[in-house]
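**Student:**
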Amino acid sequence: MLKKKQWIAAALCLSLVFGGCAAGGNEDKEEKPSEQTEEQEAPKKPAYQAKLDVIEPAAYGNAEGLKLEKGSYISIIGKGEEGQYWKQVKKGVDRAAKDLNVQLGYEGKDKIKVVYSAPAETDNVDEQVNLLDEELSRYPVALGIAIVDENACDVQFDLAADSEIPIVAFDSGSDYQGLMATVSTNNSESAQVVADNLGKELEGTGEIVVVANDSKSKNNKERVNAFAAKLQESYPEISIVDTVYLDALDSWQEKIAAEINAGTYALSGEPTGTALSEETQVDPKSITEEQVLDYVLKKHPNLKGVYGTNQVAVKALVEGIERGEREGLKVVGYDADEEQLQMLKDGTVDGLVVQNPFGMGYASVIAAARAAIGAGNEAYVNTGYVWVTKDNMKKEEVKQMLAE
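Residue numbers (the working numbering): 256 to 659.
1. Hey, could you find the ends of the alpha helix (DSSP H) Lys471 is sitting in?
2. What residue does the beta strand (DSSP E) around Asn637 start on, and which one ends it?
3. Grab the span of the alpha helix (DSSP H) containing Asp497 for me, first residue to last.
4. So who's on the other strand from Ile329, going by DSSP bridges?
5. With three or more beta-carbon pairs closer than 8 Å as the criterion, would you say the region 622–629 touches the region 313–324?
6. Would you check if the distance between the CB atom of Ser472 and the CB atom of Asp404 is smaller than 8 Å?
7. Specify whether the region 606–614 and the region 398–417 touch according to this definition: at least 3 beta carbon pairs, one from each stretch, less than 8 Å apart.
8. Could you give the DSSP three-state label for Val423: helix, strand or coil?
9. Please state the DSSP three-state secondary structure of Ile463.
10. Excluding the five sequence neighbours on either side, which residues of its own chain have a C-beta within less than 6 Å of the C-beta of Asp497, listed in chain order?
11. Would Leu434 and Ala415 qualify as a contact pair, given that the criterion is a beta-carbon distance under 8 Å?
12. Under 8 Å, do Gln196 and Asp592 count as touching if we go by C-beta distance?
13. Under 8 Å, with one C-beta from each stretch per pair, do the region 449–468 and the region 556–567 reach the 3-pair mark?
14. Strictly by DSSP, which residues pair up with Ser439?
15. Closest to Tyr589 by CA distance: which of Ala467, Ala513, Glu389 is it?
16. Starting from Gly693, trace the beta strand (DSSP E) in both directions and tell me its first and last residue.
17. Work out the CA separation of Lys368 and Ser445 for me, nearest whole Å.
18. Going by DSSP, name the residue or residues bridged to Gly563.
19. Let me make sure I understand the geometry here. Which of Ala302, Gly316, Pro301 has the alpha-carbon closest to that of Asp308?
20. Going by DSSP, what residue range makes up the beta strand (DSSP E) through Leu391?
21. If you count every other CB in all the chains shown that lies within 10 Å of the CB of Ala313, and 16 or more means buried, which is it?
22. Just to confirm the assignment, what range does the alpha helix (DSSP H) spanning Gly616 have?
23. How many Å lie between Pro491 and Glu462 at the Cα?
24. For the beta strand (DSSP E) holding Leu307, just list the boundary residues, first then last.
25. Go ahead and label Tyr201 buried or exposed: buried means 16 or more other beta carbons lie within 10 angstroms of its beta carbon, across all protein chains shown.
26. For Glu311, list the residues DSSP reports as bridge partners.
27. Could you round the C-beta distance between Asn516 and Gln546 to whole angstroms and report it? I think they count as a contact, below 8 Å.
28. When we look at the beta-carbon of Ala302 and count the other beta-carbons within 10 Å, is it buried (16 or more) or exposed?
29. In or out: Leu387 buried (at least 16 other Cβ within 10 Å) or exposed?
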């Protein structure tokens, strides 16, 4: 009987020993998958984060430490509502508003309210000034604005100063002394990049035409002037034979109408060589934007390249080149919506400066928030850009800026 009890005790010991080993083995096996799971569950950065990471100073790429009062209202006024560029600006504005509320733990009625508004007609000066008046009457804690006409808003800015409403400019600023900050692309630097790349494409010689979307905004002026200065400095044998501002076509319309009426020029498909009678003469106001561009391109048969200062100008040039069946022209400019990216892919466009409208919208809200609480603001916030061609479109740093 004693032997039997000893045998049972021994068996129990063995089972405990091997059971313990088995358990220990399982623990070892379980630890590794646990570590892998933790790695797999590490938070992944959202796609838009790359657009915030390029903003300088970096403080404008996050909403940390901005203790706005509950229910604060920030107004952001753009140049337009439609188009991929302005939709990306609005997305950046909305993201910044969300981040501010998350950081501060505000919910419901306590949330900071950030509203993006813009003229129904993109770049309409009068509409934007009216919007500015309306928004100032709501007494926001701060206001951001992409200024269509750099000389149109000074009176409103003075009124804002009297009401202690800080103003931040974004996309396009002005020389108004009371602006708290300007959030934008480095337009002068990027325009020089365009000029340098076009100069190399043309091997330092040839005639080019410049088309600007407007003649009133500071960013367009910088893009035209810096581009021309760079060509003159580095490529003196390249000449800008004409510059067309799409919001100031009166002189072109008058010139074209006069030539048509004199019989020295004809619109596409029309006969030429005969002066028109007084009854059949063309009214300058009837000459369209497309006809102006057709005229300019036709008048320069030796043209080697064209430059558009934004997506509207680039597309207008491409369409004009296609109508005139011109071949071999180098096309460069700004912005990259889906249509322009396709133009790059198929070789219709040779290079584009791609801006960071999402980051611009985001940083404008942060700058406005900083101004509202009396925090220091940088005079200039650089939202970054990248030069994009068919050859570098798939590089990671380029793809990050192109991602929606």
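C-beta: ideal position from N, C-alpha, C; glycine also.
Remember, predicted model here, so these are calculated numbers, not experimental data.
**Tutor:** If we stick to the structure as given:
1. Careful: Lys471 lies outside any alpha helix (DSSP H) and carries neither H nor E.
2. 635–637
3. Segment 493–500 is the beta strand (DSSP E) holding Asp497; no alpha helix (DSSP H) there.
4. Val369, Ala397
5. yes
6. yes
7. no
8. strand
9. strand
10. Val464, Val551
11. no
12. For the chain, the structure presents residues 256 to 659; residue 196 sits outside this window and is missing.
13. yes
14. Asn637
15. Ala467
16. The structure shown does not extend to residue 693, since the chain is modelled only from 256 through 659, so no value can be given for it.
17. 34 Å
18. Val466, Gly588
19. Gly316
20. Looking at the DSSP string, Leu391 is not in any beta strand (DSSP E); the run it does join, the alpha helix (DSSP H), is 380–391.
21. exposed
22. 612–627
23. 11 Å
24. That residue, Leu307, is in no beta strand (DSSP E); its alpha helix (DSSP H) goes 304–308.
25. Residue 201 lies beyond the stretch modelled for the chain, which goes from 256 to 659, so this question has no answer here.
26. Asn637
27. Contact doesn't hold; Cβ gap of about 14 Å is too wide.
28. exposed
29. buried
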